[in-house]
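S.K.: First to last, the sequence lines map onto chains Y and W.
First residue of the first sequence: 1, per our numbering; consecutive thereafter.
First residue of the second sequence: 1, per our numbering; consecutive thereafter.
Ideal placement from N, C-alpha and C gives every residue a C-beta, glycine not left out.
This one's a predicted model, so the numbers in the text were calculated from it and none came from an experiment.
Protein chains: 2
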Amino acid sequence: MAKSGPASTLRSSGTEGAAGTRLALVDAAVETLKADGFAGASARAIAGRAGCNQGLVFYHFGSVANLLLAALDAVSAERLERYRATVEAAATPAALVDAAAAIFREDLEAGYVTVLVELIAGAAATPGLGEEVAARIEPWKRFARDALDAALAGSPLATMVPTDDVAHAVVALYLGLEMLSHLDGDRAPALALFDQARQVATLLQALGTLPPSGPVPS
Amino acid sequence: MAKSGPASTLRSSGTEGAAGTRLALVDAAVETLKADGFAGASARAIAGRAGCNQGLVFYHFGSVANLLLAALDAVSAERLERYRATVEAAATPAALVDAAAAIFREDLEAGYVTVLVELIAGAAATPGLGEEVAARIEPWKRFARDALDAALAGSPLATMVPTDDVAHAVVALYLGLEMLSHLDGDRAPALALFDQARQVATLLQALGTLPPSGPVPS
DNA sequence: GTCTATACTTGGATAGAC
DNA sequence: GTCTATCCAAGTATAGAC
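If you want it as structure tokens, here you go:
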């Protein structure tokens with residue numbers, strides 16, 4: 001469905017040309033979603049930012065919605081890889097929170113999650129878009145659950161925490177924090193929250209290593 | 001700014017007439033935001049649902065954005081009052097979580113938070129809308145903080161928990177959960193989360209009543 | 001593959017009849 | 001206060017020249 005139009009030949013013959021404008025359009029779609037939201041992401045606005053003609057949106061992607069999904073795919077792939085690499089190095093809950101905070105800070109600065117937020121909110125207006133967006137969120141939920149499982153491995157918490165539900169909450173919290181940060185341009189509350197989360201994670205680690213009801217071993 | 005147009009005479013002379021269509025438009029705006037999102041909430045779509053002419057949107061509210069803000073005010077007032085009444089009866093963290101779960105369940109069923117989510121996401125497209133929406137979120141953050149303060153009063157947790165930050169997170173989580181629920185039509189993960197939260201709150205209560213390092217008092 | 005031109009639709013907003 | 005009619009801007013999408 002997302003592969004109609006010209007053959008998807010990244011670096012086919014020339015560096016510019018077909019693949020070049022495709023990429024330019026995807027990039028412009030990302031920027032437009034961040035700056036003007038779903039309601040402002042028209043074919044004209046995106047093509048204008050990409051420096052090409054409006055008709056190319058339909059030639060390459062068939063519809064504006066498909067271009068927007070391609071934009072979501074692009075940032076998702078980039079960010080998911082980035083998250084995976086960083087989180088793999090985190091073995092404890094506290095380290096996991098630190099890793100998450102570092103990259104989420106990047107996301108807030110760059111507004112990557114905004115692309116997802118705008119598409120979720122805009123999905124109500126376009127028939128069929130909701131399912132496509134939902135399918136693209138799944139990898140994130142799975143990633144969050146896997147990261148939680150890995151961080152909790154070996155801890156008694158592993159059997160107590162329903163990582164599926166927590167992963168859902170983490171994704172929801174990311175979306176909500178991004179919305180609020182983007183709305184008033186204040187990233188401080190979100191960042192302060194990660195500090196708190198680290199402390200809680202550290203506390204949980206300490207509790208997890210305690211024998212069931214004894215005092216602290218020294 | 002929201003009071004231009006005709007005099008705001010609720011039940012002035014006739015039950016219908018001016019105030020009647022005003023209310024019908026506000027109600028239709030809420031329904032349209034829930035069904036079709038910000039991008040689908042045009043003057044024509046809303047007026048059509050309200051059963052009146054499209055021009056009345058501009059006569060009564062001056063612009064579509066103003067009508068949307070009036071819709072947000074309407075649901076905010078209604079919901080905030082509902083929350084306040086229910087939460088006032090909750091004295092402990094566990095009871096607070098239960099109260100929040102009960103009303104959030106209502107919100108999920110009715111889609112009230114969707115109105116807020118759509119306006120936040122749509123704010124990027126309309127200059128000046130962001131500030132208006134942000135101002136309308138403030139009461140919610142204050143409410144959440146006050147509820148947390150009240151529930152933690154007398155507990156040693158009161159000095160340990162930065163209720164300002166947590167309130168921010170709670171609001172963000174609500175927004176995110178609503179988005180995800182609305183997207184795939186599955187409310188189960190959000191509701192399961194409240195069960196978990198209640199258990200954590202109960203645990204925190206128990207920890208809070210413990211002496212610093214002793215065993216459980218029976 | 002890309003651009004220009006164009007057909008068609010929808011939306012915001014106003015003027016004037018009733 | 002409400003409706004009809006209308007203007008104009010913006011959006012989607014397609015056809016055809018280059």
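Which residue marks the beginning of the alpha helix (DSSP H) containing W:Glu-16, and which one marks its end?
M.R.: Note, W:Glu-16: premise wrong, no alpha helix (DSSP H); not H, not E.
S.K.: In whole angstroms, what is the alpha-carbon distance linking W:Val-200 and W:Val-97?
M.R.: Distance between the alpha carbons of W:Val-200 and W:Val-97 is about 10 Å.
S.K.: Go to W:Arg-142, then tell me how far its alpha helix (DSSP H) extends in each direction, as first and last residue.
M.R.: Residues 129-152.
S.K.: Relative to chain W, which residues along the segment 96-121 of chain Y have a C-beta separation below 7 Å, given in chain order?
M.R.: So the list reads Val-117, Glu-118, Ile-120 and Ala-121, given in the order they occur along the chain.
S.K.: Only counting the same chain, and skipping five residues up and downstream in sequence, which positions put a Cβ closer than 7 Å to that of W:Glu-132?
M.R.: Cβ neighbours of W:Glu-132 beyond the five flanking positions: Leu-69.
S.K.: State whether the segment 140-160 of chain Y contacts the segment 52-62 of chain Y, with contact taken as three or more CB pairs (one from each stretch) at a distance under 8 Å.
M.R.: In short, these stretches do not touch, since the Cβ pair count stays below three.
S.K.: Is it true that the CB of Y:Ala-28 sits closer than 7 Å to the CB of Y:Ala-50?
M.R.: Yes, the Cβ-Cβ distance between Y:Ala-50 and Y:Ala-28 is below 7 Å.
S.K.: Can you tell which of Y:Val-87, Y:Gln-205 and Y:Ala-39 has the C-alpha that lies nearest to the C-alpha of Y:Leu-157?
M.R.: Minimum Cα distance to Y:Leu-157 is reached at Y:Gln-205.
S.K.: Quick check: is the beta carbon of W:Ser-12 nearer than 7 Å to any beta carbon in chain Y?
M.R.: Confidence is the limiting factor: at W:Ser-12 the pLDDT is only 41, short of 50, which leaves the residue's position unreliable, though a coordinate-based value still follows. Not closer than 7 Å to any Cβ of chain Y, the Cβ of W:Ser-12 fails to qualify, so no.
S.K.: Give the DSSP-derived three-state secondary structure of W:Val-161 in the structure shown.
M.R.: Residue state, collapsed to three classes: coil.
S.K.: Check this for me: beta carbons of W:Leu-183 and Y:Ala-134, under 7 Å apart or not?
M.R.: Yes, the pair counts as a contact, with Cβ atoms nearer than the cut-off.
S.K.: Which whole-angstrom value describes the C-beta separation of W:Arg-136 and W:Ser-181, a residue pair presumed to lie in contact below a C-beta threshold of 8 Å?
M.R.: Actually they do not touch by this definition, with Cβ atoms about 22 Å apart.
S.K.: Secondary structure at Y:Thr-202, three-state DSSP: helix, strand or coil?
M.R.: Reduced to three states, the DSSP call for Y:Thr-202 is helix.
S.K.: Along chain Y, in chain order, which residues have C-beta atoms closer than 7 Å to that of W:Asp-165?
M.R.: Simply Pro-189, Ala-192, Leu-193 and Gln-196.
S.K.: Helix, strand or coil for Y:Arg-82, going by three-state DSSP, please let me know.
M.R.: DSSP places Y:Arg-82 in helix when its eight states are reduced to three.
S.K.: Using only alpha-carbon positions, find the residue among W:Leu-193, W:Gly-185 and W:Leu-175 that is nearest to Y:His-168.
M.R.: If we check each option's Cα against that of Y:His-168, W:Leu-193 comes out closest.
S.K.: Along chain W, which residues have their Cβ under 7 Å away from the Cβ of Y:Ala-134?
M.R.: Residues of chain W passing the Cβ test: Leu-183 and Asp-184.
S.K.: Exposed or buried, Y:Thr-163, counting other C-beta atoms within 10 Å across all chains shown (16 or more means buried)?
M.R.: By the 10 Å Cβ count, Y:Thr-163 comes out buried.
S.K.: Flag W:Leu-69 as yes if its beta-carbon sits less than 7 Å from any beta-carbon of chain Y, otherwise no.
M.R.: Judged by the 7 Å Cβ criterion, W:Leu-69 is not in contact with chain Y.
S.K.: By the DSSP assignment, the alpha helix (DSSP H) with Y:Gly-40 in it spans what residues?
M.R.: From DSSP, Y:Gly-40 is part of no alpha helix (DSSP H); its letter is neither H nor E.
S.K.: Measure the C-alpha to C-alpha separation of Y:Met-179 and W:Gly-185 and round it to an integer number of angstroms.
M.R.: So the alpha carbons of these two residues sit roughly 21 Å apart.
S.K.: Have a look at W:Val-166, W:Thr-21, W:Cys-52 and W:Ala-91 and flag the residue whose alpha-carbon is nearest the alpha-carbon of W:Ala-153.
M.R.: The shortest C-alpha separation from W:Ala-153 is found at W:Ala-91.
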